[in-house]
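S.K.:
In the UniProt record's numbering, the protein residues as written are 1 to 300.
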């Protein structure tokens with residue numbers, strides 16, 4: 001190739017040397033203009049001004065669409081996740097709020113715990129099978145959210161206050177997990193995944209052996225799966241066989257997962273005072289989820 005009126009020849013090997021000169025020039029910390037100046041001076045001394053001018057122009061044009069010194073192009077960076085409006089544990093329901101939502105005097109069973117990861121979420125899948133249905137029968141399982149980009153999580157448990165009446169009905173046991181992911185879109189995507197999983201799980205019982213190392217076997221049948229206005233609900237009909245072969249149940253456990261902004265609200269409600277013949281619905285779990293989504297919507 002020839003460049004300029006001087007018709008100076010630049011061979012392919014010389015072009016390689018020119019490009020290697022870029023690597024020896026100042027890095028991005030000194031500025032792109034300084035880098036071009038340094039490269040131009042190096043090439044002018046070696047190959048003449050014409051070659052330097054063309055190469056530097058080429059570098060300048062290509063530099064508009066490349067990255068420099070390990071620094072990501074601004075256009076290629078994903079948008080930053082919205083910062084939490086307030087600590088996630090403050091989005092959990094209070095005893096008074098739960099009592100009003102469930103029309104039952106509630107008390108704390110386990111205080112709210114939170115972290116900036118999934119480590120506060122319950123685990124212990126054991127030999128439950130099929131494993132992909134564990135998230136339908138059990139609230140906020142760690143494995144359920146293991147593949148998501150979780151920014152924070154909180155869990156808490158409440159129950160009906162039976163201090164004055166041991167046989168009060170209804171007798172609720174409420175478990176809640178609130179999981180914050182990076183975007184509202186990610187939360188919606190995860191919910192759609194759960195919808196598909198829960199619907200498939202309606203055809204297969206979930207069996208767990210030796211739960212709690214006491215030899216008991218639980219069989220959970222996921223029923224009444226509904227997906228309404230971004231709220232996923234189901235009834236888990238749970239039976240238990242103890243180590244002596246005595247079976248109890250089935251009893252209904254209400255399950256609901258809802259989204260609000262970038263949060264997923266994962267709720268489990270059991271009425272331990274339920275008797276065969278009593279109505280079965282997901283109303284209570286949905287009421288708890290609605291309570292929490294309203295709190296989130298008010299601050300985000």
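No residue lacks a Cβ here, since even glycine has one placed at the ideal position from N, Cα and C. As the structure is a prediction and not an experimental result, all values here were calculated from the model.
Which class does residue 139 belong to by DSSP, given the choice of helix, strand or coil?
M.R.: In the structure shown, residue 139 sits in coil (DSSP, three-state: anything other than H, G, I, E or B).
S.K.: Considering only residues of the same chain and omitting the five flanking positions on each side of residue 139, which have a CB-CB separation below 6 Å?
M.R.: Spatial neighbours of residue 139 in its own chain (CB-CB distance under 6 Å, excluding positions within 5 residues in sequence) are listed in chain order as 175, 177, 266, 268.
S.K.: Per DSSP, what are the beta-bridge partners of residue 220 in this structure?
M.R.: 206, 238
S.K.: Going by DSSP, what residues sit across from residue 227 in a beta bridge?
M.R.: According to DSSP, residue 227 shares a beta bridge with 232.
S.K.: Measuring straight from C-alpha to C-alpha, what distance separates residue 286 and residue 231?
M.R.: 8 Å
S.K.: Could you give the DSSP three-state label for residue 268: helix, strand or coil?
M.R.: strand
S.K.: Among 95, 185, 222, 111, which has the Cα closest to the Cα of residue 282?
M.R.: 222
S.K.: Taking the beta strand (DSSP E) that residue 255 belongs to, which residues open and close that run?
M.R.: 247–260
S.K.: Please list the terminal residues of the continuous alpha helix (DSSP H) segment that includes residue 97.
M.R.: For residue 97, the enclosing alpha helix (DSSP H) has its first and last residue at 95–102.
S.K.: Looking at C-alpha atoms only, which residue of 95, 110, 129 is the closest neighbour of residue 121?
M.R.: 110
S.K.: Distance check for residue 259 and residue 188, CA to CA, integer angstroms please.
M.R.: 7 Å
S.K.: Which value, in whole angstroms, describes the spacing of the CA atoms of residue 181 and residue 149?
M.R.: 6 Å
S.K.: Taking only three categories from DSSP, how would you classify residue 280?
M.R.: coil
S.K.: Considering only their Cβ atoms, is the gap separating residue 252 from residue 280 smaller than 7 Å?
M.R.: Yes, the Cβ-Cβ distance between residue 280 and residue 252 is below 7 Å.
S.K.: Considering only C-alpha positions, which residue in the set 87, 261, 227 is nearest to residue 115?
M.R.: Comparing Cα-Cα distances from residue 115 to each of 87, 261, 227, the minimum goes to 87.
S.K.: Exposed or buried, which one is residue 294 when buried takes at least 16 other CB atoms within 10 Å?
M.R.: exposed
S.K.: Starting from residue 152, trace the beta strand (DSSP E) in both directions and tell me its first and last residue.
M.R.: Segment 150–160, the beta strand (DSSP E) holding residue 152.
S.K.: Which one or two residues does DSSP pair with residue 263 in a beta bridge?
M.R.: 180, 260
S.K.: Only counting the same chain, and skipping five residues up and downstream in sequence, which positions put a Cβ closer than 7 Å to that of residue 298?
M.R.: none
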